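Student: Mapping the sequence shown onto this note's numbering, position 6 (from 1) lands on 44, and the numbers just tick up by one.
Cβ coordinates follow ideal geometry from the N, Cα and C atoms, glycine included.
The structure presented is a predicted model; accordingly, all values stated were derived computationally and were not measured.
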Amino acid sequence: MADPYLCPNCKTNRSRFNLIQQVVTPVKMDAKSGDIIEQFENNNAGPLHMPYRGPERRVQCATCGLIEEERMFVKRAQQQ
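(1) If you follow the alpha helix (DSSP H) that F55 is part of, which residue opens it and which one closes it?
(2) What whole-angstrom Cβ distance do P46 and F111 have, given they're in contact under 8 Å?
(3) Would you please state the rounded distance, in angstroms, between the beta carbons of E106 and R95? I believe it to be under 8 Å.
(4) Ordered along the chain, which non-local residues of its own chain (more than five positions away) have a Cβ less than 6 Å from that of N56?
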């Protein structure tokens, strides 16, 4: 079951949101040019490359434009 949202910024929007799916691409870049030297598989980046641990989804309020983690919108709706 999905949870209801309420924007923690404008505090009025409960129905219009943009769901943003985050796709992680681990890369090694050239420090001077910014060119991508190597692109890694998620589990194969090596010991010096920390894996992404952020949220898979972020939410944007389509009324005020705030972009936050999904849990912030869910928590605000639960408080009301």
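Tutor: With the structure as the only source:
(1) Taking the sequence shown and counting its residues from 1, the one referred to as residue 55 is at position 17. Under the DSSP assignment, F55 falls outside any alpha helix (DSSP H), being part of the beta strand (DSSP E) whose first and last residues are F55 to Q59.
(2) Here residue 46 is taken as the residue at index 8 of the sequence shown, counted from 1. Here residue 111 is taken as the residue at index 73 of the sequence shown, counted from 1. Rounded, the Cβ-Cβ distance is 7 Å, consistent with contact.
(3) Position 68 of the sequence shown holds residue 106. Position 57 of the sequence shown holds residue 95. About 11 Å; that fails the 8 Å criterion.
(4) Position 18 of the sequence shown, counted from the start, is the residue given in the question as residue 56. Taken in chain order, the residues that qualify are Q98 and A100.
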